[in-house]
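Written out below as structure tokens is the structure these notes cover.
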Amino acid sequence: MYPNTISIEVTNNCNNQCLICPHCYNLFIKKGYMTKELYLKILDDIDFLKYDLNLELHGIGEPLLHAELYDFVRIAKERGFRVTICSNAILLNEKNSKKIVDSGIDKIIISLETKENYEKIRCINIYDYVLNNVIHIADEYPSVELEIYMISVKSHELDNFENFKKQFKGKKINFNHFYASDWCGKVPFEGLATKSGKYVKKSVCPLFIHYCSIDYEGLLRHCYLDFNSENLYGDLNTTSFKKIWKSEIRQSIIEKMSSGLFNSFKPCCDCVYPFTNNPDEISVSDEDLNRPEMQLLSKIKQHS
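Residue numbering for the sequence shown follows this note's numbering, starting at 885 and increasing by one per position.
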């Protein structure tokens, strides 16, 4: 089984420093931009999947910072891929919105919350500007699928998010709400979901099966939560995607997950997902997909 969502991280640089993100705490070992040569090689490798794949041109960074992003989208669309980006919308002004739409983008995901929540976690006071950018896209380009990711740190804010959605009434926008996690114990912000539970699931993480995270250097990391790519199972600079995906290294990780041995390897041993207080919980339910570390699985559910 191959993934139905592949994320190509065109850059891990960002133009913001949110309190719920590793960027705020200078946790990155290094940062950079994917070269066009490597990008084309990756597209060649995954070409056989293009009709059954959601291709994301983002990772742990702001994709609009990449000078060649519009060209990257255009090339992928010409090859037959369905293409998505996820943005904080700071750079999605009228000029850039037109450029990304003209490149052929299928879907744009925006991280945006209530003004109160935004100013609490985003460390920047430009809420109205960002909101206007989003409304402009919705009004001017209704053919582009638009989704808003609403992120919170406490469950009682759900009512606020319902009110937040009302300002977009009549506009073609999908909404998803998630609780932020602590990035496997690395982000020290109060209110984030942390590892808990004394029992360990004996089931394969759906993120590992259905989602593939490729960093800007072409390395296949174990999980997008591993933002420094410290736990790898392949290098697309030297090996084909097919070979990596079917490799013994990756299969061994699946076997460990199936046996509930999440404590024996990183980053899973520090993740929120595998640990539960229910000793009878041995499979993944729909409720699991709404847990904080599963936020990217909303796209997998849509395209499975």
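Cβ atoms here follow ideal geometry from the backbone N, Cα and C, with glycine treated the same way. Predicted model only: the values in this text are computed from it and were never measured.
### Query
Could you check where the beta strand (DSSP E) with LYS1130 kicks off and where it finishes?
No beta strand (DSSP E) contains LYS1130, which DSSP labels as neither H nor E.
#### Entry: 3 or more residues per run - each beta strand (DSSP E) lying fully within the segment 906-986
938-940 and 966-971
#### Entry: Residue span of the alpha helix (DSSP H) that contains LEU1109, given as start and end
Segment: none, LEU1109 is in no alpha helix (DSSP H) and carries neither H nor E.
### Query
What are the start and end residues of each continuous beta strand (DSSP E) run of 3 or more residues lying completely inside the segment 1035-1110, in chain order?
1058-1063, 1095-1098 and 1103-1105
### Task
Reducing DSSP to helix, strand and coil, say where LYS999 ends up.
helix
### Task
Could you check if TYR923 is buried or exposed, using at least 16 other CB atoms within 10 Å of its CB as the buried criterion?
buried
### Query
Three-state secondary structure (DSSP) at LEU1015?
helix
### Message
Can you check which of these residues, PRO1151, PHE1092, VAL1084 and LYS925, is closest to ASN1162 by C-alpha distance?
### Response
VAL1084
### Query
What three-state label does DSSP hand PHE1149 in the structure shown?
coil
#### Entry: Identified DSSP bridge partners for GLY1118
LEU1104
#### Entry: Contacts around PHE1045, its chain only, beta-carbon distance under 6 Å, and the 5 residues preceding and following it disregarded
MET1034 and HIS1061
### Task
Spatial neighbours of GLY945 within its chain, please: CB distance less than 6 Å, with the 5 preceding and 5 following residues excluded, ordered by chain position.
THR895, ASN896, ASN897 and CYS898
### Task
Consult DSSP for ILE1217 and reduce its assignment to one of helix, strand or coil.
What is shown of the chain runs 885 to 1188, which leaves residue 1217 out entirely.
### Message
Helix, strand or coil, according to DSSP, for SER1142 in the structure here?
### Response
helix
### Message
Please report the straight-line C-alpha distance between PHE1125 and ILE926, rounded to a whole angstrom.
### Response
8 Å
### Task
Tell whether a beta-carbon distance below 9 Å holds between GLU940 and ILE974.
no
#### Entry: Per DSSP, cross-strand counterpart(s) of SER1027
Partner(s): none; SER1027 has no beta bridge.
#### Entry: Other residues of its chain near ARG1105: CB distance less than 7 Å, five sequence neighbours each side excluded
SER1097, ASP1099, SER1113, ASN1115 and LEU1116
### Message
My output table needs one value for ILE904: the three-state DSSP class, helix, strand or coil.
### Response
coil
### Message
Please state whether the Cβ-Cβ distance between ILE992 and LEU976 is less than 9 Å.
### Response
yes
### Message
Pop quiz: LEU911 and ILE1005 are said to be a contact at Cβ under 8 Å. What is the actual Cβ separation, rounded to whole angstroms?
### Response
The Cβ separation is near 16 Å, so there is no contact.
### Task
Give the secondary structure of ILE1228 by DSSP, where H, G and I count as helix, E and B as strand, and everything else as coil.
The first residue shown for the chain is 885 and the last is 1188, placing residue 1228 beyond what the model contains.
### Message
Tell me which residues share the same chain as ALA951 and place their Cβ nearer than 7 Å to its Cβ, disregarding the 5 neighbours each side in the sequence.
### Response
none
### Message
Relative to the C-alpha of ILE892, which candidate in LEU953, LYS914 and ILE1019 has its C-alpha closest?
### Response
LEU953
### Query
Going by beta carbon distance, what residues of the same chain come within less than 6 Å of LEU1109, once the five residues before and after it are set aside?
TRP1067, CYS1068 and PRO1151
### Query
Taking buried to mean at least 16 other C-beta atoms within 10 Å of its own C-beta, is ASP1012 buried or exposed?
exposed
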